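Peer 1: Every number in this note's numbering is 8 more than the matching position in the first sequence, counting from 1.
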Amino acid sequence: MIDIKLIRTNPDLVKENIKKKFQDEKLVLVDEVIELDKQFRDAKNRGDFLRSQRNTLSKQIGALMAKGQKEEAENTKKLVADYAKELADLEVKEEDLSKEIKTRMMVIPNIIDPSVPIGKDDSENVEVERFGEPVVPDFEVPYHVDIMEKLNGIDLDSARRTSGNGFYYLCGDIARLHSAILSYARDFMIDRGFTYYIPPFMIRSSVVDGVMSFSEMENMMYKIEGEDLYLIGTSEHSMIGKFMDTIIPESELPKTLTSYSPCFRKEVGAHGIEERGVYRIHQFEKQEMIVVCHPDESKDWFIKLYTNTVDFFRSLDIPVRTLECCSGDLADLKVKSIDVEAWSPRQQKYFEVGSCSNLGDAQARRLGIRVKGKDGNYFAHTLNNTVVAPPRMLIAFLENNLNADGSINIPTPLQMYMGGKKVIK
RNA sequence: GGAGGAAUGGCUGAGCGGUCGAAAGCGGCGGUCUUGAAAACCGUUGAUGUGAGAGCAUCCUGGGGUUCGAAUCCCUAUUCCUCCGCCA
């Protein structure tokens with residue numbers, strides 16, 4: 009959500025930005041907002057005047073009553089009644105207009121960073137940098153489910169009976185590996201100065217409304233029957249929700265948080281659930297990082313955040329690359345976004361394992377996350393990024409650490425979380 | 001789950017239909033004093049919207065209502081406290 013003042017003062021910039029994102033159908037919204045905003049301010053002005061009159065006259069009534077001048081008081085009451093009707097209508101109008109404005113403001117995209125490459129969709133995303141040598145072994149790399157099954161590490165059949173497609177039982181060393189990765193990720197981030205959080209796994213509708221659009225909610229969120237609660241789709245939902253309508257003292261910035269949570273997603277959108285495997289599923293677990301910072305610092309934090317993920321994967325011998333989201337693929341709230349992709353020796357391509365986003369002040373404006381500064385309050389900048397999200401991450405892990413005999417190497421940093429094991433077989 | 005009580009500015013807390021955007025204290029900021037600091041004393045100190053500005057409007061947990069007028073009365077949601085019950 010951008011500042012409406014920007015639309016008032018520089019509508020061309022806002023329109024130019026919409027064009028860069030190939031959302032020309034939204035251009036009309038800018039002019040509509042300008043017109044509605046004008047009407048709203050006129051209505052508010054008149055309303056303020058009427059309210060002012062009412063306040064003054066009401067005070068006079070009080071004074072007259074005190075003096076015992078009943079008749080004059082009654083006459084003044086009638087005067088106020090004359091304003092009441094107009095004011096009632098006007099207040100409805102003010103509310104309607106401000107709703108209309110907000111509806112439009114919610115879908116006008118955030119101003120993208122000048123560095124964002126221009127492109128229509130994800131096919132035009134740009135590789136930024138590769139880390140590690142993408143190795144293709146001289147033996148055949150099986151499908152990840154087959155690797156897991158050979159190690160007695162997954163039971164999809166039972167999961168389909170108990171819960172349906174898109175769920176899994178992990179077992180034995182694979183389940184332990186899953187936990188080990190999360191524990192290692194937690195400590196990895198704590199070592200880098202982040203504060204560890206375990207947030208609520210369910211949130212109220214008021215928070216859901218704040219953190220996502222209606223269509224996102226429909227496509228992602230599971231609702232709890234008979235309660236005003238939803239299962240979170242990512243810990244970002246509860247972690248950012250935590251700051252809704254708060255004023256943070258400037259001295260407390262930056263807030264650098266790392267949170268663990270299970271994530272629940274309907275995945276109703278374009279791709280749907282994977283038939284076989286754990287790439288796209290209804291339930292997974294994730295270690296996340298969240299930063300709330302001063303506007304001048306968000307660009308630096310953005311780099312630091314995705315570097316954390318790159319370093320994490322590299323410490324587990326997994327080759328990765330960074331892929332920058334082009335303008336057309338960038339979600340409306342984001343200023344800039346980079347995906348971290350891991351190398352798949354089986355597919356011989358990179359696939360997404362994490363996503364790092366700088367939301368500028370748009371998320372903070374929408375949620376009312378303000379900072380109390382020396383010279384007044386301002387909206388914070390917010391960022392989020394994935395540290396690691398297994399079991400999807402296990403795909404990359406297993407494929408890259410696989411030996412010809414089907415055993416899996418455990419990289420050194422993970423061994424202490426695996427009871428000292430160096431190999432799973 | 002049942003029965004009561006409560007929610008006020010950065011914090012503590014008064015106010016319980018008009019003179020309340022809100023006493024007082026703490027904290028913050030500025031100053032006097034001091035070589036400097038502390039103490040003491042004096043002054044100042046909420047947010048948002050709108051307007052060139054003076055100002056005006058809105059905000060006393062959220063939502064709704066009564067009234068000419070609501071922090072104050074009523075309804076409702078949420079949260080907290082006390083007691084009872086239940087339960088890892």
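By construction, the Cβ of each residue, glycine as well, lies at the ideal position given by its N, Cα and C atoms. Small disclaimer: the values here were computed from a predicted structure and weren't measured.
#1: Are the CB atoms of Gly336 and Gly127 nearer to each other than 8 Å?
#2: Would you call the CB atoms of Tyr177 and Gly285 closer than 8 Å?
#3: Quick check on this structure: which residue in Met197, Gly172, Tyr204, Thr111 has the alpha carbon closest to the alpha carbon of Ser221?
#4: CB-CB under 7 Å to Val149, same chain, minus the five flanking residues each way: which ones, in chain order?
#5: Since Arg138 sits in a beta bridge, which residues does DSSP pair it with?
#6: Would you mind stating whether Glu360 and Ile346 have Cβ atoms separated by less than 8 Å?
#7: Straight-line CA distance for Val216 to Asn385?
#8: Taking the alpha helix (DSSP H) that Thr170 belongs to, which residues open and close that run?
#9: Mind checking which residues open and close the alpha helix (DSSP H) that includes Leu65?
#10: With Glu24 as the anchor, note down where its alpha helix (DSSP H) starts and where it stops.
#11: Could you tell me if Met114 is buried or exposed, where buried requires 16 or more neighbouring beta carbons within 10 angstroms of its beta carbon?
#12: Quick check: what's the CA-CA separation for Val124 versus Arg168?
#13: In the stretch 205 to 285, which residue ranges form an unbroken beta strand (DSSP E) of at least 3 residues, counting only runs that do not cross its ends?
#14: Whole angstroms is fine: what's the gap from Val88's alpha carbon to Glu103's?
#15: DSSP on Ile15, reduced to helix/strand/coil?
#16: In its own chain, which residues sit with a C-beta less than 7 Å from the C-beta of Phe209, not counting the 5 before and 5 after it?
#17: Kindly list the residues whose CB is nearer than 6 Å to the CB of Ile298, restricted to its own chain and excluding five residues on each side of it in sequence; keep chain order.
#18: Using CA coordinates, which residue listed in Phe30, Ile15, Asp236 is at the minimum distance from Val38?
#19: Excluding the five sequence neighbours on either side, which residues of its own chain have a C-beta within less than 8 Å of the C-beta of Gly201, listed in chain order?
#20: Verify whether the separation of the beta carbon atoms of Arg467 and Met426 is less than 8 Å.
#21: How big is the Cα-Cα spacing for Asp163 and Lys429?
#22: Taking C-alpha atoms, which residue in Phe175, Phe387, Pro419 lies nearest to Ala370?
#23: So for Ser123, helix, strand or coil by DSSP?
#24: Tell me Tyr176's beta-bridge partners as DSSP assigns them.
#25: For Ala193, collect the residues of the same chain with a Cβ closer than 7 Å to its Cβ; drop the 5 residues on either side in sequence, then sort them by chain order.
#26: Three-state secondary structure (DSSP) at Gln291?
#27: Once you ignore the five residues that flank Leu401 on each side, which residues in its own chain have a CB closer than 8 Å to its CB?
#28: For a minimum of 3 consecutive residues, which ranges assigned as the beta strand (DSSP E) are wholly contained in the stretch 301 to 349?
#29: Can you tell me the Cα-Cα spacing of Met73 and Phe251, whole angstroms?
#30: Expressed to the nearest angstrom, what Euclidean distance is found between the alpha-carbon atoms of Ala71 and Thr64?
#31: Residues in its own chain within less than 6 Å of Ala81 by CB, not counting five upstream and five downstream?
#32: Is it true that the CB of Lys274 sits closer than 8 Å to the CB of Tyr230?
#33: Quick check: the Cα distance between Phe253 and Asp413, rounded to an integer number of angstroms?
#34: Closest to Glu235 by C-alpha separation, out of Ser213, Thr242, Ile281, would be which residue?
#35: In whole angstroms, what separates the C-alpha of Gln291 from that of Ser267?
#36: DSSP three-state call for Val144: helix, strand or coil?
Peer 2: So, from the data block:
#1: By 1-based counting over the first sequence, the position of residue 336 is 328. By 1-based counting over the first sequence, the position of residue 127 is 119. The answer is yes: Cβ separation under 8 Å.
#2: Counting from 1 along the first sequence, the entry for residue 177 is found at position 169. Counting from 1 along the first sequence, the entry for residue 285 is found at position 277. In this structure, Gly285 does not lie closer than 8 Å to Tyr177 by Cβ.
#3: By one-based count along the first sequence, residue 221 stands at place 213. It is Thr111 whose Cα lies nearest to the Cα of Ser221.
#4: Mapped onto the first sequence, residue 149 falls at position 141. Closer than 7 Å at Cβ, skipping near neighbours: Pro353, Arg354, Glu407, Leu410.
#5: In the first sequence, counting from the first residue as 1, residue 138 sits at position 130. DSSP lists Arg329 as partners of Arg138.
#6: Here residue 360 corresponds to residue number 352 of the first sequence, with the count starting at 1. Here residue 346 corresponds to residue number 338 of the first sequence, with the count starting at 1. Contact: no.
#7: Counting from 1 along the first sequence, the entry for residue 216 is found at position 208. Counting from 1 along the first sequence, the entry for residue 385 is found at position 377. Each residue's Cα considered, the two are about 25 Å apart.
#8: Position 162 of the first sequence, counted from the first residue, corresponds to residue 170. Run containing Thr170: 164 to 170, per the alpha helix (DSSP H) assignment.
#9: Here residue 65 refers to the residue found at position 57 when the first sequence is read from its first residue. Per DSSP, Leu65 belongs to the alpha helix (DSSP H) from 35 to 75.
#10: As a first step, residue 24 is located in the first sequence; it is residue number 16 there, counting from the start. Looking at the DSSP string, the run of the alpha helix (DSSP H) that includes Glu24 is 19 to 28.
#11: Taking the first sequence and counting its residues from 1, the one referred to as residue 114 is at position 106. Met114 comes out exposed.
#12: Taking the first sequence and counting its residues from 1, one reaches residue 124 at position 116. Taking the first sequence and counting its residues from 1, one reaches residue 168 at position 160. The alpha-carbon atoms of Val124 and Arg168 are separated by roughly 42 Å.
#13: 254 to 257, 263 to 272
#14: As a working mapping, residue 88 is identified with position 80 in the first sequence. As a working mapping, residue 103 is identified with position 95 in the first sequence. Near 22 Å, if we compare the C-alpha coordinates of Glu103 and Val88.
#15: Position 7 of the first sequence, counting from 1, holds the residue named residue 15. In this structure, Ile15 counts as helix in the three-state DSSP scheme.
#16: The count along the first sequence starts at 1 and reaches residue 209 at position 201. Result list for Phe209: Leu239, Ile240, Ser269, Pro270, in chain order.
#17: The residue you call residue 298 lines up with position 290 of the first sequence. Contacts found: Met247, Leu265, Asn392.
#18: Here residue 38 corresponds to residue number 30 of the first sequence, with the count starting at 1. It is Ile15 whose Cα lies nearest to the Cα of Val38.
#19: Residue 201 sits at position 193 when you count from the first residue of the first sequence. Closer than 8 Å at the Cβ level, and outside the excluded window around Gly201, lie Thr264.
#20: Beyond the ends of the chain as shown, which are 9 and 433, falls residue 467; an answer cannot be given.
#21: Along the first sequence, one-based indexing puts residue 163 at 155. Along the first sequence, one-based indexing puts residue 429 at 421. C-alpha separation (whole angstroms): 23 Å.
#22: Start at 1 with the first residue of the first sequence, and residue 370 comes out as number 362. Comparing Cα positions, the closest option is Phe387.
#23: As a working mapping, residue 123 is identified with position 115 in the first sequence. It is coil, neither helix nor strand.
#24: Against the first sequence, residue 176 aligns to sequence position 168. Note: Tyr176 sits in no beta bridge, so no partner.
#25: As a position in the first sequence, residue 193 is number 185, starting the count at 1. Contacts found: Gln295, Phe320, Val395, Val396.
#26: The count along the first sequence starts at 1 and reaches residue 291 at position 283. If DSSP states are grouped into helix, strand and coil, Gln291 belongs with the strands.
#27: In the first sequence, the residue the question calls residue 401 occupies position 393. Just to set this straight, residue 401 is Met in the shown sequence, not Leu. Ile189, Ala350, Val361.
#28: 328 to 332
#29: Mapped onto the first sequence, residue 73 falls at position 65. Mapped onto the first sequence, residue 251 falls at position 243. Answer to the nearest angstrom: the Cα atoms are 47 Å apart.
#30: As a working mapping, residue 71 is identified with position 63 in the first sequence. As a working mapping, residue 64 is identified with position 56 in the first sequence. Distance between the alpha carbons of Ala71 and Thr64: 11 Å.
#31: Within the first sequence, residue 81 is the residue found at index 73, counting from 1. Closer than 6 Å at Cβ, skipping near neighbours: Ile69, Leu72, Met73.
#32: Within the first sequence, numbered from 1, the residue matching residue 230 stands at position 222. Within the first sequence, numbered from 1, the residue matching residue 274 stands at position 266. Contact flag set, yes.
#33: Against the first sequence, residue 253 aligns to sequence position 245. Against the first sequence, residue 413 aligns to sequence position 405. The question names Phe, but residue 253 is Asp in the sequence shown. Each residue's Cα considered, the two are about 56 Å apart.
#34: As a first step, residue 235 must be located in the first sequence, where it is residue number 227. The shortest Cα separation from Glu235 among Ser213, Thr242, Ile281 belongs to Ser213.
#35: By one-based count along the first sequence, residue 291 stands at place 283. By one-based count along the first sequence, residue 267 stands at place 259. If you take the alpha carbons of Gln291 and Ser267, they lie about 17 Å apart.
#36: Walking along the first sequence from the start, residue 144 turns up at place 136. The answer is coil: DSSP assigns Val144 none of H, G, I, E or B.
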